[in-house]
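When we follow my numbering, the leftmost residue of the sequence shown carries the number 2, and every step to the right adds one.
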Amino acid sequence: MTLGLLAAIAATFSWSLLYIFPGLVGDYSLFDLAVVSYAFAGLGSLLVLFVYRNKVRHLRLSDWVCAALLGFLGYIGYFFLITTAVLAAGPVIPPVMMGSVPIVLAIAGNMRSSSVPWRAISGPLVVAALGISLVNLSVFDARSATAVPPTTSILFGLLASLLAIGFWTGFGLLNESALARRPTMSPMLWSAMLIFMCSVEMLAFIPVGLYLKLSHFAGHPGGLAGTQALMVCGVIQGLGATLAGAWAWSIATRRLPLALSGQLIASGTIYATTMGLLINQRWPSPTEALGTGVLFVGVVWSIHAFYRRQTLLATRGRIIDVSQNE
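This is how it looks when you write it as structure tokens:
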């Protein structure tokens, strides 16, 4: 369980970088960053697939189809839904709604596996949800209220946000099942398959992004000038936050119940908030500080609850073994 916890923490930390890099690429858009990062992630996944080439030869078509579906749910489709939600409803409401993903995923995971009694997990869930709400509510300040989208646009953004929540919840559940059906599959190989298929899907979506005018690259006045930040962030995001993050999450998925790993996603909010404050060189607001502290308590409480459950089951198992031997 310890390795699973470390892997989940590593995955959520790497994913928290996704909230930081868009503000570091200058005039380039989130879509431009995604294209560049998936290009590097695809190259990295190809290298991993080459290393595992002997095992790749024995993969079935169903394995690749499953990887493509999961890659679309958890990465490409999720990305475009979030982008659509922000474009339609503005930059405030969608991130607040997406803060519910760790809680929804934890509830869905425990409903399916019943890995821990609800009375033991309900407290950490409520505390974590409160912390996430407080952190996200901090975005509702005077600066974010300068432009209010039309009601129909906001409703469309809300629908896209709900679909995004469904996509990531479905990804978490289906990915756990897919790995359970492939007990001998290396987490690194599985992650490389997912990200490689994501890179292929991103290639297919480039025309869609250009049609929706999501790219700022074509109209950038400097052409290739000023792309250093975009390339550096793309390399780190592609190889670190995307490929390495997927690998760490595959390890966590195999070693932890989804009810716990789902809640650990919430820790990404702590990392992203902390790094954002450091980059902006400011102290947290009272709401941000309170929300981050409450969220930290909820995550630690959740880990303690699952550790306690694991210890209890291990103790019962030893008692049963002793009684049978007697």
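From the three backbone atoms N, C-alpha and C, an ideal C-beta is built for every residue, glycine too.
Proximity to V201 across N176, V301, A40 peaks at A40, based on C-alpha coordinates. R255 is classed as buried because its beta carbon has at least 16 other beta carbons within 10 Å across all chains shown. Per DSSP, reduced to three states, the secondary structure at I196 is helical.
Here the alpha carbons of G43 and G239 stand approximately 8 Å from one another.
Between the segment 72 to 81 and the segment 170 to 178 there are three or more C-beta pairs closer than 8 Å, enough to call the two in contact.
Annotation: F218 to L211 spans about 10 Å, alpha carbon to alpha carbon. Annotation: the continuous alpha helix (DSSP H) that includes I83 extends over 78 to 90. Annotated three-state conformation of G72 is helix, per DSSP. Look at K56 here: in three-state DSSP terms it is helix.
Rounded to the nearest angstrom, the gap between the Cα atoms of V37 and Y29 is 11 Å. Counting only the Cα atoms, I83 lies some 30 Å from L62. DSSP places I155 in the uninterrupted alpha helix (DSSP H) bounded by 152 to 181. Closest option to L215, judged by alpha-carbon separation, among T85, V136, S101, P125: T85. Between G167 and the set P103, R182, L213, the nearest pair of CA atoms involves P103. A straight line joining the alpha-carbon of A90 with that of R120 spans about 37 Å.
DSSP, read as helix, strand or coil, puts T254 in helix. At a Cβ-Cβ threshold of 9 Å, T293 and G124 do not count as neighbours.
In this structure F206 does not touch F22 by the C-beta definition: roughly 19 Å separates them, more than the 8 Å allowed. When secondary structure is reduced to three states using DSSP, F218 falls in the coil class, being assigned neither helix nor strand. Note that the C-beta distance between L204 and S46 is not below 9 Å. A distance below 8 Å between beta-carbons, with the five flanking residues on each side excluded, links A249 to the following residues of its chain, in chain order: A8, A9, A11, A12, S15. If you look at I10, you'll find it in the alpha helix (DSSP H) that goes 3 to 17.
Between L296 and I266, the beta carbon gap of about 11 Å keeps them out of contact (Cβ cut-off 8 Å). In the DSSP annotation of this structure, the continuous segment of the alpha helix (DSSP H) that includes Q229 starts and ends at 229 to 236. Straight-line spacing of the CA atoms in E289 and G24 works out to 19 Å.
With fewer than 16 other CB atoms across the displayed protein chains lying within 10 angstroms of its CB, A181 is exposed. In the three-state reduction of the DSSP assignment, M276 falls in the helix class, which pools H, G and I.
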